[in-house]
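Working notes, beginning with the structure itself.
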Amino acid sequence: MKPKPSVEIVQYTAPARVGGPKVIIIGAGMSGISAGQRLSDAGISDFMILEATDRIGGRIHKTEFAGMNVEMGANWVEGVNIDPADDKINKVNPIWTMVHDELKLNTSLSNYDHLASNTYMEEGGLYDEGFVQKTINRADEVQKYGDRLSSNEKYGDITVMAMQRFHDHLPYGPTKPVDMVIDYYTNDYEFAEPPRVTSLQSTHPLPTFADFGDNVCFVADQQGFESVVHHVARQYLETDASTGDIVDPRLLLNKVVKKIKYTTDGVVVKTEDGWLYEADYVMVSVSIGVLQSNLIRFKPHLPHWKNMAMYQFDMAVYTKIFLKFPSKFWPDGPGTEFFLYASSRRGYFPVWQHLENEYPGSNILLVTVTDDESRRIEQQTDEETKAEAMEVLRKMFPNEDVPEATDILVPRWWSDRFFRGSFSNWPIGVDRYEYDLIRAPVGRVYFPGEHTSERYNGYVHGAYLAGKDSADILIECVKKGENQNECVDAGTLKYDVPGKYE
360 MKPKPSVEIV QYTAPARVGG PKVIIIGAGM SGISAGQRLS DAGISDFMIL
410 EATDRIGGRI HKTEFAGMNV EMGANWVEGV NIDPADDKIN KVNPIWTMVH
460 DELKLNTSLS NYDHLASNTY MEEGGLYDEG FVQKTINRAD EVQKYGDRLS
510 SNEKYGDITV MAMQRFHDHL PYGPTKPVDM VIDYYTNDYE FAEPPRVTSL
560 QSTHPLPTFA DFGDNVCFVA DQQGFESVVH HVARQYLETD ASTGDIVDPR
610 LLLNKVVKKI KYTTDGVVVK TEDGWLYEAD YVMVSVSIGV LQSNLIRFKP
660 HLPHWKNMAM YQFDMAVYTK IFLKFPSKFW PDGPGTEFFL YASSRRGYFP
710 VWQHLENEYP GSNILLVTVT DDESRRIEQQ TDEETKAEAM EVLRKMFPNE
760 DVPEATDILV PRWWSDRFFR GSFSNWPIGV DRYEYDLIRA PVGRVYFPGE
810 HTSERYNGYV HGAYLAGKDS ADILIECVKK GENQNECVDA GTLKYDVPGK
860 YE
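Numbered continuously in my numbering, the sequence shown closes out at residue 861.
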């Protein structure tokens, strides 16, 4: 056993000729890296990034599978306008600009228009297209009703399921297999949680699509979606000229933060390997799931209002399972990329995608599960999951010789102590007040992250923009110069007043 150090070492590493306050950024995902860029642009370069894993990117992570790189986490750029004539959209998703224009990554437009002709019965064979289309049309009608109801502030917030019931749609929730799988595709497939817990006001209409466009593009590039995070990091972190690798001494990997002590004078961050790092400010860019866990302890404890705001949010789990086959047995060609399995068990291997468009000749299927199914699958072996998936596929295609999958990849975001899930989902009742609380600093402790994005929580662009927003709050405080302590005190006391959490 490695002996513990007899004394704790205080260290702060920073390059020469730097100015401004010292800042520690915890987490090198999109939000933390984005925050660092904004600080650097503002002339604050005396900072350090502590990352718990051996890489940057966070929940954007490629991995090798069956001889190629696939995405374990974020995979789509959501909110893309491919119709230049659409004058209703006047914003461009900043992630799409990087992916498409700057990095020129390989992407594929995801087309879900043919689900009615690609919905499979529980025991095999396709449903009648007209029958499924009626179910889809009804779901679309209810969604539009939800958009109108959400815009009427006098009703307040309700769950998506309550809205469905209000519109006399599936009053007891969907019970038939086709109803369930269409409802799952419409809601869970996007938010990773069912309509009974999802907020209507935060999802209808969905700001990402309303602001940037209705299209979604699947990133299928061997550089990986995480190259976007590297692209942002290279704007201000030192890189090796020959390899392009980030070699900046301000980025420290494999540094697991276990404790943050904060006072009105500064912060001290302690890592699991026994090091202490001192700074003027700290930005805690970790997931809401990690904030809700006991991985990082705060001294003093975070105030009641902060914890109450954080614990209201859900950390959803979205699992993309990849299966590699020796040969192709599913339909391919135009209009077949996405297909549904209408099980009597809601959310059981429901949404499938073949990757022939993205990785021609790969013979890979992708199936998405979420929420309770994700947590269940994470607790069993990959072989058990493969057996379940194979049983489903053989039911779907009873007249095909379905070969055994040769490889399977099952991400485990919920079980990973550095993430505790995939992305945040705003529950019912979270309004502007809670939003201000969730992103508000506590003294010298700041909180970037996709969960703090008012309009785009749960998305990569939400993480990117939230990192910049949080850095802007810190920068404004720093600009007060000699009055920094006054700024810090005000930043805390602003929210420490009698209210719904006091």
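Backbone N, C-alpha and C define an ideal beta-carbon position, used for all residues, glycine too. If you're wondering where the values come from, they're calculated on a predicted model, not measured in any experiment.
Contiguous beta strand (DSSP E) assignments of at least 3 residues, all confined to the stretch 458-528: 466-468
Close Cβ partners of Phe684 (< 6 Å) along its chain, the five nearest in sequence each way excluded: Counting from 1 along the sequence shown, the entry for residue 684 is found at position 325. The residues are Asn722, Pro762, Ala764.
CB-CB length for His563 against Asp506, believed under 8 Å: Residue mapping note: residue 563 aligns to position 204 of the sequence shown, counting from 1. Residue mapping note: residue 506 aligns to position 147 of the sequence shown, counting from 1. Correct: roughly 5 Å between the Cβ atoms.
Helix, strand or coil at Pro667 [DSSP, three-state]: Counting from one through the sequence shown, the residue named residue 667 turns up at place 308. Inspection of the sequence shows that residue 667 is occupied by Met rather than by Pro. Met667: helix per DSSP, three-state reduction.
Which of helix, strand or coil DSSP assigns to Asp766: By one-based count along the sequence shown, residue 766 stands at place 407. For Asp766, the three-state secondary structure derived from DSSP is strand.
Member of Ile408, Phe756, Met431 whose CA lies at the smallest distance from the CA of Thr727: Here residue 727 refers to the residue found at position 368 when the sequence shown is read from its first residue. Closest option to Thr727, Cα to Cα, is Met431.
Candidates Phe406, Ile655, Asn428, Pro690: closest to Tyr718 by CA position: Stepping through the sequence shown from its first residue, residue 718 is reached at position 359. Taking only the C-alpha atoms, the option nearest Tyr718 is Asn428.
Three-state class that DSSP yields for Leu752 in the structure shown: Within the sequence shown, residue 752 is the residue found at index 393, counting from 1. Helix.
Best match in Leu699, Glu737, Leu682, Phe698 for proximity to Met749 [C-alpha to C-alpha]: If you number the sequence shown from 1, residue 749 lands on position 390. Measuring from the Cα of Met749, the nearest candidate turns out to be Leu682.
Within 8 Å, strictly: CB atoms of Leu725 and Gln739: In the sequence shown, residue 725 corresponds to position 366, counting from 1. In the sequence shown, residue 739 corresponds to position 380, counting from 1. No, the pair does not count as a contact, with Cβ atoms beyond the cut-off.
Opening and closing residue of the beta strand (DSSP E) in which Gln712 lies: As a working mapping, residue 712 is identified with position 353 in the sequence shown. 710-713 is the span of the beta strand (DSSP E), which, as asked, contains Gln712.
Any alpha helix (DSSP H) of 4 or more consecutive residues that is wholly inside the stretch 533-607: 536-542, 566-571, 586-592
contact_flag[the stretch 574-590, the stretch 808-818] where n(CB pairs < 8 Å) is 3 or more: no
Beta bridge counterpart(s) of Gly416 as assigned by DSSP: The sequence position of residue 416 within the sequence shown is 57, counting from 1. Answer by DSSP bridge pairing, in chain order: Gly388.
Best match in Glu637, Phe571, Met407, Asp580 for proximity to Val610 [C-alpha to C-alpha]: Position 251 of the sequence shown holds residue 610. Note that residue 610 corresponds to Leu in the displayed sequence, not to Val. Looking at the Cα atoms, Met407 is the closest of the given residues.
Simplified DSSP assignment, three categories, for Ser646: On the sequence shown, position 287 is the one that residue 646 refers to. Residue state, collapsed to three classes: coil.
Beta-bridge pairing of Val439 - partner residues as DSSP gives them: Sequence index remark: in the sequence shown, residue 439 carries index 80 (1-based). According to DSSP, which records beta bridges pairwise, Val439 is partnered with Asn574.
Exposure of Asn496, with buried meaning 16 or more beta-carbon neighbours within 10 Å: Within the sequence shown, residue 496 is the residue found at index 137, counting from 1. So Asn496 counts as exposed.
Between the CA atoms of Thr678 and Thr811 - distance to the nearest angstrom: In the sequence shown, residue 811 corresponds to position 452, counting from 1. In the sequence shown, residue 678 corresponds to position 319, counting from 1. Distance between the alpha carbons of Thr811 and Thr678: 22 Å.
Secondary structure of Arg656, DSSP reduced to three states: In the sequence shown, residue 656 corresponds to position 297, counting from 1. Arg656 falls in the strand class under three-state DSSP.
CA-to-CA distance, Phe777 to Val353, given in whole angstroms: Outside the shown range of the chain (360 to 861) lies residue 353, about which nothing can therefore be said.
Residue interval of the alpha helix (DSSP H) (run including Tyr792): In the sequence shown, residue 792 corresponds to position 433, counting from 1. That run of the alpha helix (DSSP H) goes 791-798.
Burial state of Glu793, where buried means 16 or more other Cβ atoms lie within 10 Å: Along the sequence shown, one-based indexing puts residue 793 at 434. Glu793 should be labelled buried.
Rounded straight-line distance, which links the Cα of Leu468 to that of Tyr707: On the sequence shown, position 348 is the one that residue 707 refers to. On the sequence shown, position 109 is the one that residue 468 refers to. Cα to Cα, Tyr707 sits roughly 26 Å from Leu468.
8 Å Cβ cutoff met for Thr680 and Ile541: Looking up residue 680 in the sequence shown gives position 321. Looking up residue 541 in the sequence shown gives position 182. For clarity, residue 680 is Ile in the given sequence; the question names Thr instead. Their beta carbons are not under 8 Å apart, which means Ile680 does not touch Ile541 by this criterion.
Unbroken alpha helix (DSSP H) run spanning Glu835, endpoints: Here residue 835 refers to the residue found at position 476 when the sequence shown is read from its first residue. 819-837 is the span of the alpha helix (DSSP H), which, as asked, contains Glu835.
Secondary structure of Thr623, DSSP reduced to three states: On the sequence shown, residue 623 is found 264 positions in, with the first residue counted as 1. In the structure shown, Thr623 sits in coil (DSSP, three-state: anything other than H, G, I, E or B).
Host alpha helix (DSSP H) of Ser686 (start-end): Numbered from 1 along the sequence shown, position 327 holds the residue referred to as residue 686. Segment: none, Ser686 is in no alpha helix (DSSP H) and carries neither H nor E.
When Met520, Val615, Ser476, Gly572 are compared against Ile655, the one with the closest alpha-carbon: If you number the sequence shown from 1, residue 655 lands on position 296. The residue with the shortest Cα to Cα distance from Ile655 is Val615.
Rounded separation between Ile832 and Ile385 - CA only: Translated into positions along the sequence shown, residue 832 becomes position 473. Translated into positions along the sequence shown, residue 385 becomes position 26. So the two alpha carbons sit approximately 17 Å from each other.
Rounded separation between His589 and Glu597 - CA only: Taking the first residue of the sequence shown as position 1, residue 589 is located at position 230. Taking the first residue of the sequence shown as position 1, residue 597 is located at position 238. In a straight line, the C-alpha of His589 is about 11 Å away from that of Glu597.
Beta strand (DSSP E) segment containing Ser783, residue limits: Residue 783 sits at position 424 when you count from the first residue of the sequence shown. Segment 782-784, the beta strand (DSSP E) holding Ser783.
Whole-angstrom C-beta distance between Pro554 and Gln523, which should lie under 8 Å: Locating residue 523 in the sequence shown gives position 164, counting from the first residue. Locating residue 554 in the sequence shown gives position 195, counting from the first residue. Right, the Cβ-Cβ distance comes to about 6 Å (below 8 Å), so this counts as a contact.
Touching by the beta-carbon criterion (3+ pairs, under 8 Å), the stretch 475-492 and the stretch 508-524: no
Stretch-stretch touch, CB-based, cutoff 8 Å, three pairs: the stretch 383-397 with the stretch 415-424: yes
Start-to-end residues for the alpha helix (DSSP H) that takes in Asp731: Residue numbering aside, residue 731 sits at position 372 when the sequence shown is read from its first letter. That run of the alpha helix (DSSP H) goes 730-737.
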